[in-house]
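Accompanying notes for the structure given below.
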């Protein structure tokens, strides 16, 4: 049996079935089942088998795109200046990433966002956020910490990725609109983000549209305080979306203050302390302890602080 359409036209069906991404795309097309009923069943089965195999291998993996991070200490001349004076930086030793989800938590000003920003830049992402194809700058405010990082990576590379910063998400949305209107772009970029301007949605809706439409399998996602846009209910929904992407081979590194996001099972959590990044269990983080104490004793605490 040979294929009568598309990029595999005239070639054996076995060739098409080996292209897992194309099989998945075909199954999602409304026209495919009605025009190719016999082929549809085979492609759907192949897509399901490939998805199951990917989920099994992804959840069992012990490494992914980013393996670890450390400082090139020999290059640092003055530890008293920013960003080397930050707790997250000055005591940074070789720190290993979880193959699925790594969290970094800490007080404001401790350096978690600066560290994530440097990690993102080192991987080719734009300093203000977006994909590796974004090259805009609203205001040059990032440090040169990325030049002092030693990143260990696996030989495989992510198929996609995104750097999300809550504080500059507006700028990213503006750049997407700008690129979408560029006649040289060749296609409507906004379609990759749900088909509707991110500016025409609430902050939370825009973030979910981004995650649903732009995040996909085998991606590297660096997120800085994504909970800033999300209600508690939406944060719980985000956990489900994250897990679906993890099962598809994606890797997340997230800076957060959210006890909800931080509850993602089996993740590695680093808390920034004076001694550097310290691995903590979920219930031993300051984020959990403060939230737990407040919810269980809020009346007494409110009376005390007010």
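Numbering (the numbering used here), first residue to last: 1345 to 1650.
By construction, the Cβ of each residue, glycine as well, lies at the ideal position given by its N, Cα and C atoms.
Computed from a predicted structure; not experimentally measured.
Buried versus exposed, by CB contacts within 10 Å (16 or more), residue i
i, result
"residue 1628", "exposed"
"residue 1645", "exposed"
"residue 1638", "exposed"
"residue 1424", "exposed"
"residue 1354", "exposed"
"residue 1590", "buried"
"residue 1472", "buried"
"residue 1608", "buried"
"residue 1373", "exposed"
"residue 1406", "exposed"
"residue 1448", "buried"
"residue 1573", "buried"
"residue 1404", "exposed"
"residue 1489", "buried"
Closest Cα partner of residue i within the set the options
i, options, result
"residue 1347", "1383, 1374, 1365, 1561", "1383"
"residue 1510", "1441, 1496, 1568, 1460", "1568"
"residue 1453", "1428, 1471, 1419", "1428"
"residue 1500", "1432, 1436, 1443", "1443"
"residue 1391", "1621, 1641, 1365", "1365"
"residue 1616", "1599, 1626, 1584, 1450", "1450"
"residue 1465", "1403, 1437, 1495", "1495"
"residue 1462", "1441, 1566, 1370, 1362", "1566"
"residue 1559", "1599, 1609, 1363, 1508", "1508"
"residue 1396", "1552, 1441, 1588", "1588"
"residue 1600", "1489, 1458, 1470", "1458"
"residue 1420", "1493, 1375, 1370, 1357", "1493"
"residue 1475", "1422, 1375, 1584, 1554", "1554"
"residue 1585", "1552, 1610, 1478", "1552"
"residue 1621", "1398, 1582, 1460", "1460"
Sequence-distant residues of its chain with Cβ nearer than 6 Å to residue i (five each side left out)
i, result
"residue 1446", "1597, 1612"
"residue 1666", "The displayed coordinates of the chain run from 1345 to 1650. Any statement about residue 1666 would go beyond what the structure contains."
"residue 1352", "1359, 1360"
Close-in-space but distant-in-sequence residues of the same chain around residue i (CB under 7 Å, 5 per side omitted)
i, result
"residue 1579", "1571, 1602, 1604, 1605"
"residue 1412", "1438, 1439, 1440, 1441, 1496"
"residue 1576", "1604"
Whole-angstrom C-beta distance between residue j and residue i, which should lie under 8 Å
i, j, result
"residue 1491", "residue 1456", "With 8 Å as the limit, residue 1491 and residue 1456 do not qualify as a contact, their Cβ atoms being about 19 Å apart."
"residue 1394", "residue 1619", "In fact, because the Cβ distance is near 45 Å, the residues do not count as touching under 8 Å."
"residue 1386", "residue 1361", "7 Å"
Spatial neighbours of residue i in its chain, beta-carbon cut-off 8 Å, leaving aside the 5 residues before and after
i, result
"residue 1530", "With a pLDDT of only 46 at residue 1530, under 50, the local geometry of the prediction cannot be trusted, and no value is derived from it."
"residue 1632", "1603, 1606, 1626"
"residue 1562", "1502, 1503, 1504, 1592, 1593, 1594"
Checklist entry - Quick one: complete beta strand (DSSP E) runs, 3+ long, within the stretch 1565 to 1625? => result 1595 to 1599, 1612 to 1617, 1620 to 1623
Checklist entry - What are the start and end residues of each continuous beta strand (DSSP E) run of 3 or more residues lying completely inside the stretch 1441 to 1511, in chain order? => result Fully enclosed beta strand (DSSP E) runs of 3 or longer: 1445 to 1449, 1493 to 1497, 1504 to 1509.
Item to check | Complete beta strand (DSSP E) runs within the stretch 1356 to 1439 (minimum length 3 residues, chain order) | outcome: 1410 to 1415
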